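Please read the structure below before turning to the comments.
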Amino acid sequence: MAVAATSSASGTTTASRRLSIGANVTIAIVAAALLLVLVNWFASIKNVRRDIASFGNYGLSERTKSVLQTCKEPIEVSMVYMPDEEDEKQQTYISRLQDYFDEMTRFDKKVQVSVVATDSQREKLVSRISTTFGSEADKHKAALAAYEALNSELRNELQQKLVAAQALMSGESWLGAFPIFASIVNTIRGDIEALKTADEAVKELTPAGGIPKYGEATTKAKEALADVKDHMQLIERRLSDLSSLADETTKGDSKYIAMLREVAAETKSLIASLRTTVGAEDAAMPADPAASLKLFADRGVEVGKGLDALVRRVDEFARKFPMVTQHPNWAASAQMGPLVTRMEVADVLHQAGSTLSKARLVILGLIDSGDATQLQNALNDARNNCTVLEKNAQVCEELLTGLAAGLSTMDDASRAMLDAARSKSLFAARVESIDALTKQIDELPELKLGSVADQLKQPNIVVIETAGKIRVVDFNEVWPVRESIADPTAKSADAARTFNGDSALSSAILAMTREGPFASVVLTFFEPPPPQQRNQFMPPPPQSWVPSSQLSELRKRLEAANFKVVDWNIAQQKDPPPPEQGVPSVYVCLPPPPPQPPNPFGQAQPPDQVFGDSHRKIIKDLLDADSRVLFLATWEVRSSGFFGGPPTSPPYGYGPLLDTDWGLTVDNGKRITWVDPDTTRDNSFFIVPQRFVHMPGYGFTDNPIGAPLKGTRFLITDACPIVVKPSLPAGVQVEPVLRIPDSQNYVGASMAELVEIIEKVQDPSSRGSITMVPPPAHGPFDVMVTAERSADGKSKGKIALVSFGASVRDDYLRQPVMGEGQQLRLEPPPTENVDLFVNALYWLTGQTQLISRGPVPVPRIEPIASADLKALRVFVWAVWPALVFAPGLILWYVRRR
1191 MAVAATSSAS
1201 GTTTASRRLS
1211 IGANVTIAIV
1221 AAALLLVLVN
1231 WFASIKNVRR
1241 DIASFGNYGL
1251 SERTKSVLQT
1261 CKEPIEVSMV
1271 YMPDEEDEKQ
1281 QTYISRLQDY
1291 FDEMTRFDKK
1301 VQVSVVATDS
1311 QREKLVSRIS
1321 TTFGSEADKH
1331 KAALAAYEAL
1341 NSELRNELQQ
1351 KLVAAQALMS
1361 GESWLGAFPI
1371 FASIVNTIRG
1381 DIEALKTADE
1391 AVKELTPAGG
1401 IPKYGEATTK
1411 AKEALADVKD
1421 HMQLIERRLS
1431 DLSSLADETT
1441 KGDSKYIAML
1451 REVAAETKSL
1461 IASLRTTVGA
1471 EDAAMPADPA
1481 ASLKLFADRG
1491 VEVGKGLDAL
1501 VRRVDEFARK
1511 FPMVTQHPNW
1521 AASAQMGPLV
1531 TRMEVADVLH
1541 QAGSTLSKAR
1551 LVILGLIDSG
1561 DATQLQNALN
1571 DARNNCTVLE
1581 KNAQVCEELL
1591 TGLAAGLSTM
1601 DDASRAMLDA
1611 ARSKSLFAAR
1621 VESIDALTKQ
1631 IDELPELKLG
1641 SVADQLKQPN
1651 IVVIETAGKI
1661 RVVDFNEVWP
1671 VRESIADPTA
1681 KSADAARTFN
1691 GDSALSSAIL
1701 AMTREGPFAS
1711 VVLTFFEPPP
1721 PQQRNQFMPP
1731 PPQSWVPSSQ
1741 LSELRKRLEA
1751 ANFKVVDWNI
1761 AQQKDPPPPE
1771 QGVPSVYVCL
1781 PPPPPQPPNP
1791 FGQAQPPDQV
1801 FGDSHRKIIK
1811 DLLDADSRVL
1821 FLATWEVRSS
1831 GFFGGPPTSP
1841 PYGYGPLLDT
1851 DWGLTVDNGK
1861 RITWVDPDTT
1871 RDNSFFIVPQ
1881 RFVHMPGYGF
1891 TDNPIGAPLK
1901 GTRFLITDAC
1911 PIVVKPSLPA
1921 GVQVEPVLRI
1931 PDSQNYVGAS
1941 MAELVEIIEK
1951 VQDPSSRGSI
1961 TMVPPPAHGP
1971 FDVMVTAERS
1981 ADGKSKGKIA
1991 LVSFGASVRD
2001 DYLRQPVMGE
2011 GQQLRLEPPP
2021 TENVDLFVNA
2031 LYWLTGQTQL
2041 ISRGPVPVPR
2051 IEPIASADLK
2061 ALRVFVWAVW
2071 PALVFAPGLI
2081 LWYVRRR
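Take a look at the structure:
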């Protein structure tokens, strides 16, 4: 009995304990569930959340958050991405960009994002933008309205002038006789058509619907007016010249009209006197041909002198009144040997006199020979020549007589037009109107709308509006081409891209909302004016490999990023441009041109045309005063001789300064080139044409300038190594930004090695494989470094050195990249180079917090598809709980037994 009682008590205790444990577990589970619900409910109300996407590349960076918090104005974003269900990549672009904008709107409520997914929505966006920013163009509208009125007035007046001019052309008029007047008529007719075309173009640029391109329209109007003005002034000058001629020739006692008649008569008389010496063509042969030829030769000399005197009189008239040479009677169809050619009357007379003077020597030689047959033949030739001269004299007489008659007779209509031209009243009023409107157009303010009209036509864009400004971020900025090796079978649409929206969009907002420029970028170059007196056969002075004229794309991108760009030509201005208060300055030194090769004729290049120590000292003084300088270097090739010669690479102009003060050497005698190793042969490789020009720049370090560009496509050209000395000057610290790795794909070839490579590539027997023993040097190669210098605890300058400066030239930034593979494929131009440039400017000015994060190639958490979501719910709500409870149920069952 005692045992039974004990057993019963033990069972009761065990059951009670199990119930207690179960109750505790149940209560803990319920409490945890309630706590989870409360936390999520509170987080949804207060928007307290942890953005796990920020671990990938679709969240907001700290820089973007800072930009949004700093901005006080509302930000309106329009995502213009048209969906295409058949294009999987397009759908990916849309969904991922929407994820990013969801993060942005949750973080800052003043950001409003709208999705433009249809043509009608795009039209509404265009209409709204036009309405919002249209008021800023009131002055442009007024100028275009004035242009439309002036255009109509000009066409009407030109049409009246055209009718009057055509009447002169069709009748017997003084002006109508000049072919140049026909050119004037055609010019007037062309101006009428040009004004009509320009009017249509301006109306197309300023449509009632859509976004008017007021800037382009006013430029078009200004250009059209400038052309018409130039033509009007040219017509007045031509007619004014003709009026001077008319004033002289229509006088009753004009000496030049009398001269023309005298020359006509004397020419015929002189030639007639020559005929008497040899007789007519059909006359019998005289007994003494030599005597006749002697008379002909002697008389020919006198006739030649007489004709030369007449020529001088005619030339004097032409020099005094050049427009007379435009008259059709000034030229004659004269026979010269077997040919009939069109020549001026004076040239006909001069040619005749010259022929007679030369004939005398030939005739005297025949006379001395005494050959009867030759003398008879010569006499026959002289008679024939007289016939030709008589015909030419007759033509000249008719032309000069007609010219005198035409020039001395003036009609009223021609006189009225010439008087108007002389008094500058023919187009004076219209020219004044054109000048006034041109001045009005020049003084128009810059439009905020800018080139948005064209950009809105592009696919896949993001439109940002804030602080009264508008900016369009295009597809290539948000989705740049990713760093990758191209698939040979890839198509154009398959270009691998990575998301860079955080950097691109925050940079746009930052540039729009910043008060004042981030920095003043002083483009420093050495471009002396060309010599005033230079032999046209001499080669021009050398130019920089990166001339300032080739940086318009860089200027545009810097200004769009809210930098102020200033030019400084140290060849003409020794002192730097004065800095703007509160705005830091960064000096960007372009590669100086090398000295001209020695001149074999002894004429040396003027000292002011050569970059030298005095110019390097200007930059040295700036650095000693703790300035910020970005040096652009590059590999370059020049001719070694004055008129050509073997190629060579001149030393880098700023090389001595960097070597002495900073311990950096620019080895621009070597060009870093991408090659593909030939695995079948030792010391052999292939040249890849696409990568010879667009070389991938791998190897960005953790330096804040280049780190954001890791994982993106970065293409450069004409890069050369930067050598950092083992022992740096005191106080100098150098850090690499881009270091080309030690790889079989990169070689640093000297000029001689490059020449050898080119020769072997052109050799058909090589089949593209190049063998060189020893091979060109391999990396690593530093191509961008930064350096800081201090002394006595104070900063003594800060520099960045780039050895691929040619990569920011216009012809490189605008050139599409030829894709690799079997199919023709063009990829976007390598504008990423400007992003690195901008990052370097931020670093130099101490604004590293403004450097964008750049794309981070980390896989994102993809949304779960609806079909997969159902299966996941079944697994989470049924399968997984069953798997969790099953071991407990089994254990409970075993323990019950």
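Numbering follows the working numbering, with no gaps: position 528 of the sequence shown is 1718.
Glycine residues also receive a C-beta, built at the ideal position from the N, C-alpha and C atoms.
It should be emphasised that the depicted structure is a prediction, and the values quoted were computed from it without experimental measurement.
Q.
Quick check: what's the CA-CA separation for residue 1877 versus residue 1736?
A. Walking along the sequence shown from the start, residue 1877 turns up at place 687. Walking along the sequence shown from the start, residue 1736 turns up at place 546. Between the alpha carbons of residue 1877 and residue 1736 lies a gap of roughly 25 Å.
(Q) Using only CA atoms, which one of 1604, 1576, 1584, 1311 lies nearest to residue 1434? (A) Position 244 of the sequence shown, counting from 1, holds the residue named residue 1434. If we check each option's Cα against that of residue 1434, 1604 comes out closest.
Q. Can you name the residues that DSSP bridges to residue 1818?
A. Walking along the sequence shown from the start, residue 1818 turns up at place 628. Looking at the DSSP assignment, residue 1818 forms a beta bridge with 1988.
(Q) What does the alpha-carbon distance come out to for the pair residue 1195 and residue 1221? (A) By one-based count along the sequence shown, residue 1195 stands at place 5. By one-based count along the sequence shown, residue 1221 stands at place 31. Low confidence applies to residue 1195: its pLDDT is 48, below 50, so where it sits in the model is not reliable, and the reading given next is rough at best. The straight-line gap from Cα to Cα measures roughly 39 Å.
**Q.** Residue from 1517, 1621, 1634 with nearest C-alpha to residue 1589
**A.** Within the sequence shown, numbered from 1, the residue matching residue 1589 stands at position 399. Of the listed residues, the one whose Cα sits closest to residue 1589 is 1517.
Q | Close Cβ partners of residue 1931 (< 8 Å) along its chain, the five nearest in sequence each way excluded | A | For this step, residue 1931 is matched to residue 741 along the sequence shown. For residue 1931, where only same-chain residues beyond five positions count, the Cβ hits under 8 Å are 1888, 1889, 1969, 1970.
Q) Alpha carbon to alpha carbon, what distance is there between residue 1384 and residue 1390? A) Position 200 of the sequence shown, counting from 1, holds the residue named residue 1390. Position 194 of the sequence shown, counting from 1, holds the residue named residue 1384. Using only the alpha carbons, I get a separation of about 10 Å.
Q | For residue 1484: DSSP bridge partner residues | A | Here residue 1484 corresponds to residue number 294 of the sequence shown, with the count starting at 1. In DSSP, residue 1484 forms no bridge with anything.
Q) Mapping DSSP to helix, strand and coil, what is residue 1364? A) The residue labelled residue 1364 in the question sits at position 174 within the sequence shown. Under the three-state reduction of DSSP output, residue 1364 falls in the coil class, being neither helix nor strand.
(Q) So residue 1334 and residue 1418 are supposed to be a Cβ contact under 8 Å. How far apart are they, rounded? (A) Taking the sequence shown and counting its residues from 1, one reaches residue 1334 at position 144. Taking the sequence shown and counting its residues from 1, one reaches residue 1418 at position 228. About 16 Å; that fails the 8 Å criterion.
Q) Under 9 Å, do residue 1813 and residue 1778 count as touching if we go by C-beta distance? A) Within the sequence shown, numbered from 1, the residue matching residue 1813 stands at position 623. Within the sequence shown, numbered from 1, the residue matching residue 1778 stands at position 588. The answer is no: Cβ separation not under 9 Å.
(Q) Quick check on residue 1240: buried or exposed, where buried means 16 or more other Cβ atoms within 10 Å of its Cβ? (A) For this step, residue 1240 is matched to residue 50 along the sequence shown. Note that residue 1240 scores a pLDDT of 48, beneath 50, so its modelled location is shaky and nothing firm can be said.
Q. If residue 1828 sits next to residue 1841, beta carbons under 8 Å apart, how far is it from one beta carbon to the other, in whole angstroms?
A. As a working note, residue 1828 is residue 638 in the sequence shown. As a working note, residue 1841 is residue 651 in the sequence shown. Residue 1828 to residue 1841, Cβ: 11 Å. No contact.
Q) Taking 8 Å as the cut-off, is the CB of residue 1700 close to at least one heavy atom of the ligand PLP? A) Ligands are entirely absent from the displayed structure, and the ligand PLP is therefore not among its contents.
Q.
Tell me which residue opens and which closes the alpha helix (DSSP H) that residue 1846 is part of.
A. Taking the first residue of the sequence shown as 1, we reach residue 1846 at position 656. 1845 to 1852 is the span of the alpha helix (DSSP H), which, as asked, contains residue 1846.
Q. What does DSSP give as the partner residues of residue 1981 in its beta bridges?
A. Locating residue 1981 in the sequence shown gives position 791, where the first residue counts as 1. Answer is 1984, bridged to residue 1981.
Q. With a CB to CB cut of under 6 Å and the five nearest residues on each side skipped, what residues in its chain are close to residue 1596?
A. One-based indexing of the sequence shown puts residue 1596 at position 406. Correct list, in chain order: 1367.
Q | In DSSP terms, what residue 1971 is bridged to | A | The residue given as residue 1971 occupies position 781 in the sequence shown. Answer by DSSP bridge pairing, in chain order: 1930.
Q) Of all the alpha helix (DSSP H) runs that stay within the bounds of the region 1321 to 1362, which reach a length of 4 or more residues? A) Segments of the alpha helix (DSSP H) lying fully in the region 1321 to 1362: 1328 to 1360.
Q: Identify whether residue 1666 lies in helix, strand or coil by the three-state DSSP scheme.
A: The residue given as residue 1666 occupies position 476 in the sequence shown. Annotated three-state conformation of residue 1666 is helix, per DSSP.
Q. Under the three-state reduction of DSSP, which class applies to residue 1923: helix, strand or coil?
A. Within the sequence shown, the letter at position 733 stands for residue 1923. The answer is strand: DSSP assigns residue 1923 an E or B state.
Q) Quick one: is residue 1667 buried, meaning 16 or more other Cβ sit within 10 Å of its Cβ, or exposed? A) The residue given as residue 1667 occupies position 477 in the sequence shown. With at least 16 other beta carbons inside 10 angstroms of its own, residue 1667 counts as buried.
**Q.** For residue 1938: DSSP bridge partner residues
**A.** By one-based count along the sequence shown, residue 1938 stands at place 748. For residue 1938, which the question treats as bridged, DSSP gives the partners 1862, 1967.
Q | Straight-line Cα distance separating residue 1909 from residue 1993 | A | As a first step, residue 1993 must be located in the sequence shown, where it is residue number 803. As a first step, residue 1909 must be located in the sequence shown, where it is residue number 719. If I take the Cα positions, the gap works out to 5 Å.
Q | Minimum Cβ-Cβ distance from residue 1603 to chain D less than 9 Å | A | Absent from the structure is chain D; it holds one protein chain and no more.
Q) Can you find at least 3 beta carbon pairs, one from the region 1446 to 1463 and one from the region 1499 to 1508, that sit closer than 8 Å? A) As far as the Cβ criterion goes, the region 1446 to 1463 touches the region 1499 to 1508, which means the pair count is three or higher.
Q: Pull up the DSSP beta-bridge partners for residue 1905, would you.
A: Stepping through the sequence shown from its first residue, residue 1905 is reached at position 715. In the DSSP assignment, the residues bridged to residue 1905 are 1886.
Q: Compute the Euclidean distance between the alpha carbons of residue 1972 and residue 1855, then round it to the nearest angstrom.
A: Counted from its first residue, the sequence shown places residue 1972 at position 782. Counted from its first residue, the sequence shown places residue 1855 at position 665. Roughly 11 Å between the two C-alpha positions.
**Q.** Within 9 Å, strictly: CB atoms of residue 1912 and residue 1857
**A.** For the purposes of this step, residue 1912 is identified with residue 722 of the sequence shown, where counting begins at 1. For the purposes of this step, residue 1857 is identified with residue 667 of the sequence shown, where counting begins at 1. Against a cut-off of 9 Å, the Cβ pair of residue 1857 and residue 1912 comes out as a contact.
Q | Residues bridged to residue 1779 [DSSP beta-bridge criterion] | A | Your numbering for residue 1779 matches position 589 in the sequence shown. Bridge partners of residue 1779: 1714, 1821.
Q.
Tell me the residue span of the beta strand (DSSP E) that contains residue 1891.
A. Position 701 of the sequence shown, counted from the first residue, corresponds to residue 1891. Boundaries cannot be given for residue 1891, as no beta strand (DSSP E) includes it and DSSP labels it neither H nor E.
Q: Taking residue 1712 as the reference, give the member of 1871, 1763, 1870 with the closest Cα.
A: Translated into positions along the sequence shown, residue 1712 becomes position 522. Scanning 1871, 1763, 1870 for the CA closest to the CA of residue 1712 turns up 1763.
Q | Spatial distance of residue 1719 from residue 1439 (CA atoms) | A | Here residue 1719 corresponds to residue number 529 of the sequence shown, with the count starting at 1. Here residue 1439 corresponds to residue number 249 of the sequence shown, with the count starting at 1. In this model, residue 1719 and residue 1439 are separated by some 47 Å (Cα to Cα).
Q | the region 2025 to 2041 / the region 1983 to 2001 touching (three or more Cβ pairs under 8 Å) | A | Yes: the two stretches touch, three or more of their Cβ pairs being nearer than 8 Å.
(Q) Closest to residue 1412 by C-alpha separation, out of 1905, 2024, 1627, would be which residue? (A) The residue given as residue 1412 occupies position 222 in the sequence shown. Ranking the options by Cα distance to residue 1412, first place goes to 1627.
Q) Buried or exposed: residue 1658, going by 16 or more other Cβ atoms within 10 Å of its Cβ? A) Position 468 of the sequence shown holds residue 1658. Counting Cβ neighbours within 10 Å, residue 1658 comes out exposed, since fewer than 16 surround it.
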